[in-house]
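Single-structure report; data block below.
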Amino acid sequence: MSSSASSQPVVHPAGSARLLWTALATVAALTLLAYLVAFDQGAVSRSGMYLHELMHDGRHLLGVPCH
């Protein structure tokens, strides 16, 4: 007695691993950017006043309280 359903292995698309790592890297980069804009007060971004002022203006643009 043979079953009509054959047991074939599940085949994933070749680019799925690349897509997964690209998505994870994008989420990590956006999380870092959100941290720098919303919460960093110069603790991580020690590149001078230019980056501090840029992030400060970004906080005001997003409505994050910073004063």
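Under my numbering, the residue at position 24 of the sequence shown is numbered 466, and the numbers go up by one with no gaps.
Built from N, CA and C at the ideal position, the CB exists for glycine as well.
Note that this is a predicted model, so its numbers are computed, not measured.
Restricting attention to P507, V452, H509 and G500, the CA atom closest to the CA of L478 is found in G500. In this structure, V506 and A480 form a Cβ contact; the two beta carbons are roughly 5 angstroms apart against a cut-off of 8 angstroms. C-alpha of L462 to C-alpha of L504: approximately 29 angstroms in a straight line.
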